[in-house]
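S.K.: Before we start, here is the structure in question, set down as structure tokens.
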Amino acid sequence: MRGDVLVLHTGGTIGMVETPDGHAAVPGALAPYVDWIVESSRGELPPITFRELDRPIDSANATPDDWLTVARILHDARDAHTGFVVLHGTDTMAYTASALSFLLPSFGRPVVVTGSQIPIARTRSDGRQNLIGALQVAAGAAVPEVTLLFGEVLLRGNRATKVDASGLDAFDSPRFPPLATLGIDVAVNHALVRVPDAEPRLVSGPLGQVAAVRVFPGFSASILVNLCRPPLQGLVLEAYGAGNGPSEDRDFLAAVEAATAAGIVVVVVTQCVRGTVQPGAYATGSALLRTGAVPGFDMTSEAALTKLAVLLGQGLDAGAVAAEMQRDVAGELTVRAPA
Ligand code: ASP
């Protein structure tokens, strides 16, 4: 029914129970709590339709097929609901939120991905507040984007990253301000919200084969050579600082060059939490980009990886994918005017 919010439970701590092995996802465990929270709000929260994936999972087990499944469900249900809440584990929440932003271009409805650090069945759970905030955002028209809500912030999904393994403010988007803060009021920064300018679309897959690798002192080129073999099509290289790598390591540069020559799209992001890749800032970074790798500017590693997978699955040639990776397609990247 149009007017309600679809709550899609994919798994994660929010609906987990304690087992001798630690927290684990159990089908059916979450629904009664969600129903009770909505019913006891006496109309303060929107009506919901609750749906659970056949097998809720710990998001550490999520795969790109799960991103495609969630995107398909949201796309098919788009016109029947005002907004969408995706309940998800925190471990790979930023990947799923990023992937959804690329799989559902111009969706034009709020899709709020959230979860919790403490199961909702526990008295001190953060799940209740996160769910309530997500329902309120999803029921409104102010933020028709894929977002990630956690604690007191609503972040653009493809800018978010998990920053705390145990704290309740577990997510941040250090390179982009929150789209809203949740204090006494939900204060939306309207100037930052993207308004769709095209018809909604579903990118149904398949997705390309991608990997992400962090550069570190002593990184052996042979690791890169072994990684950059079929079926790999795209690589996110998490470089130092402004996009720098070991330029005196000829084997390393040769391995990156061989990868790009073989048609693998190599995207350089920074392993720093803040800031951006700055082509030309350092000779060590220029050497890396001379191999044919392209700058991913201020994209998170999660956004770069999922965007690369989505683009590579669309049958574009490597040059076209490399160009798109340097362009802002869903608010994931800040385009800077040339200096
Ligand atoms: N391992 C859990 C998950 O990602 C962690 C969480 O949800 O907080 O599903």
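Per the working numbering, the very first residue in the sequence shown carries number 33; after that it's consecutive. The beta carbon of each residue, even a glycine, is placed where N, CA and C say it ideally should be.
Quick check on residue 190: does DSSP put it in helix, strand or coil?
M.R.: Indexing the sequence shown from 1 puts residue 190 at position 158. Here residue 190 sits in helix by DSSP.
S.K.: Give a single yes or no on whether residue 243 has its beta carbon closer than 8 Å to a heavy atom of the ligand ASP.
M.R.: The count along the sequence shown starts at 1 and reaches residue 243 at position 211. Residue 243 Cβ: outside cutoff for every heavy atom of the ligand ASP.
S.K.: Whose C-alpha, out of 219, 336 and 355, is nearest the C-alpha of residue 189?
M.R.: Your numbering for residue 189 matches position 157 in the sequence shown. Checked all of 219, 336 and 355; the closest Cα to residue 189 is 336.
S.K.: Under 8 Å: do the region 304 to 312 and the region 100 to 112 share three or more Cβ pairs, one atom per stretch?
M.R.: Segments in contact, no.
S.K.: Closer than 6 Å by C-beta to residue 63: which residues in its own chain qualify, once you throw out the five before and the five after it? Chain order, please.
M.R.: In the sequence shown, the residue the question calls residue 63 occupies position 31. Hits under 6 Å: 82.
S.K.: Nearest CA to the CA of residue 184: which residue from 178, 199 and 280?
M.R.: The sequence position of residue 184 within the sequence shown is 152, counting from 1. Nearest C-alpha to residue 184: 199.
S.K.: Between which two residues does the alpha helix (DSSP H) holding residue 98 run?
M.R.: Here residue 98 corresponds to residue number 66 of the sequence shown, with the count starting at 1. Segment 96 to 109, the alpha helix (DSSP H) holding residue 98.
S.K.: Would you say residue 266 and residue 344 are within 9 Å of each other, going by their C-beta atoms?
M.R.: As a first step, residue 266 must be located in the sequence shown, where it is residue number 234. As a first step, residue 344 must be located in the sequence shown, where it is residue number 312. Their beta carbons are under 9 Å apart, which means residue 266 touches residue 344 by this criterion.
S.K.: Alpha carbon to alpha carbon, how far is residue 117 from residue 33? Give it in angstroms, no decimals.
M.R.: By 1-based counting over the sequence shown, the position of residue 33 is 1. By 1-based counting over the sequence shown, the position of residue 117 is 85. Since pLDDT at residue 33 reaches only 46, below the 50 mark, its modelled position is unreliable, and the value read off the structure follows with that caveat. Taking the straight line joining both Cα atoms gives about 15 Å.
S.K.: Please state whether DSSP places residue 262 in a helix, a strand or coil.
M.R.: Sequence index remark: in the sequence shown, residue 262 carries index 230 (1-based). Residue 262: coil per DSSP, three-state reduction.
S.K.: If we ignore side chains and look at the alpha-carbon of each, how far apart do residue 196 and residue 92 end up?
M.R.: Along the sequence shown, one-based indexing puts residue 196 at 164. Along the sequence shown, one-based indexing puts residue 92 at 60. Rounded to whole angstroms, residue 196 to residue 92 spans 15 Å at the Cα level.
S.K.: Taking C-alpha atoms, which residue in 238, 218 and 328 lies nearest to residue 308?
M.R.: One-based indexing of the sequence shown puts residue 308 at position 276. Checking every option, the nearest Cα to that of residue 308 belongs to 328.
S.K.: Hey, could you find the ends of the alpha helix (DSSP H) residue 67 is sitting in?
M.R.: Along the sequence shown, one-based indexing puts residue 67 at 35. 63 to 72 is the span of the alpha helix (DSSP H), which, as asked, contains residue 67.
S.K.: Is residue 57 near the ligand ASP, with its Cβ less than 8 Å from a heavy atom?
M.R.: To locate residue 57, count along the sequence shown from 1; it is residue 25. The answer is yes for residue 57.
S.K.: If you follow the alpha helix (DSSP H) that residue 282 is in, where does it begin and where does it stop?
M.R.: What you label residue 282 is simply residue 250 of the sequence shown in a count that begins at 1. Counting along the chain, the alpha helix (DSSP H) containing residue 282 begins and ends at 282 to 293.
S.K.: Can residue 152 be considered in contact with the ligand ASP, in the sense that its beta carbon sits closer than 8 Å to one or more heavy atoms?
M.R.: For the purposes of this step, residue 152 is identified with residue 120 of the sequence shown, where counting begins at 1. Checking the Cβ of residue 152 against the ligand ASP gives no.
S.K.: Rounded to a whole number of angstroms, what is the C-alpha to C-alpha distance between residue 221 and residue 175?
M.R.: Taking the first residue of the sequence shown as 1, we reach residue 221 at position 189. Taking the first residue of the sequence shown as 1, we reach residue 175 at position 143. Distance between the alpha carbons of residue 221 and residue 175 is about 9 Å.
S.K.: Is it right to say residue 280 is buried, meaning 16 or more other beta carbons lie within 10 angstroms of its own, or is it exposed?
M.R.: Locating residue 280 in the sequence shown gives position 248, where the first residue counts as 1. Flag for residue 280 reads exposed.
S.K.: Using CA coordinates, which residue listed in 90, 47, 244 and 88 is at the minimum distance from residue 163?
M.R.: On the sequence shown, position 131 is the one that residue 163 refers to. Answer by Cα proximity: 47.
S.K.: Compare the Cα-Cα distances from residue 203 to each of 171, 134, 165 and 125 and report the closest residue.
M.R.: For the purposes of this step, residue 203 is taken as the residue at position 171 of the sequence shown. Among 171, 134, 165 and 125, the Cα nearest to that of residue 203 is on 125.
S.K.: Can residue 218 and residue 165 be called in contact, C-beta distance under 9 Å?
M.R.: The residue you call residue 218 lines up with position 186 of the sequence shown. The residue you call residue 165 lines up with position 133 of the sequence shown. Yes; because the gap between Cβ atoms is below 9 Å, this pair is in contact.
S.K.: For the ligand ASP, I want to know if residue 349 counts as a neighbour, meaning its beta carbon is within less than 8 Å of at least one of the ligand's heavy atoms.
M.R.: Taking the first residue of the sequence shown as 1, we reach residue 349 at position 317. Residue 349: no, Cβ never under 8 Å from the ligand ASP.
S.K.: Under the three-state reduction of DSSP, which class applies to residue 356: helix, strand or coil?
M.R.: Working through the sequence shown from its first residue, we reach residue 356 at position 324. Residue 356 falls in the helix class under three-state DSSP.
S.K.: Do you know how far the Cα of residue 171 is from the Cα of residue 259?
M.R.: One-based indexing of the sequence shown puts residue 259 at position 227. One-based indexing of the sequence shown puts residue 171 at position 139. Whole-angstrom Cα-Cα distance: 44 Å.
S.K.: Quick check: the region 268 to 279 against the region 145 to 152, are at least 3 beta-carbon pairs closer than 8 Å?
M.R.: As far as the Cβ criterion goes, the region 145 to 152 does not touch the region 268 to 279, which means the pair count is below three.
S.K.: Could you check whether residue 100 and residue 40 sit closer than 9 Å to each other, using their CB atoms as the reference points?
M.R.: For the purposes of this step, residue 40 is taken as residue 8 along the sequence shown, with counting starting at 1. For the purposes of this step, residue 100 is taken as residue 68 along the sequence shown, with counting starting at 1. Result no, Cβ atoms of residue 40 and residue 100 do not sit closer than 9 Å.
S.K.: Within 10 angstroms of the Cβ of residue 73, are there 16 or more other Cβ atoms? Answer buried if so, exposed if not.
M.R.: Along the sequence shown, read from residue 1 onward, the residue named residue 73 stands at position 41. Per the 10 Å Cβ criterion, exposed.
S.K.: If residue 85 sits next to residue 42, beta carbons under 8 Å apart, how far is it from one beta carbon to the other, in whole angstroms?
M.R.: For the purposes of this step, residue 85 is identified with residue 53 of the sequence shown, where counting begins at 1. For the purposes of this step, residue 42 is identified with residue 10 of the sequence shown, where counting begins at 1. About 5 Å; that satisfies the 8 Å criterion.
S.K.: So residue 334 is in the alpha helix (DSSP H); what residue range does that whole segment cover?
M.R.: Translated into the one-based positions of the sequence shown, residue 334 becomes position 302. Residue 334 -> alpha helix (DSSP H) spans 333 to 344.
S.K.: Is the Cβ-Cβ distance between residue 16 and residue 54 less than 9 Å?
M.R.: Absent from the structure is residue 16, since the part of the chain shown begins at 33 and ends at 371.
S.K.: Hey, could you find the ends of the alpha helix (DSSP H) residue 134 is sitting in?
M.R.: Against the sequence shown, residue 134 aligns to sequence position 102. From DSSP, the alpha helix (DSSP H) with residue 134 extends over 125 to 135.
S.K.: Who pairs with residue 55 in a beta bridge, going by DSSP?
M.R.: Here the question's residue 55 lines up with position 23 in the sequence shown. Residue 55 pairs with 50.
S.K.: If you measure from the CB of residue 292, is any heavy atom of the ligand ASP nearer than 8 Å?
M.R.: As a first step, residue 292 is located in the sequence shown; it is residue number 260 there, counting from the start. Result no, Cβ not under 8 Å from the ligand ASP.
S.K.: Which residues in the same chain as residue 177 place their Cβ atom closer than 6 Å to its Cβ, once the five residues preceding and following it in sequence are excluded?
M.R.: Locating residue 177 in the sequence shown gives position 145, where the first residue counts as 1. 226.
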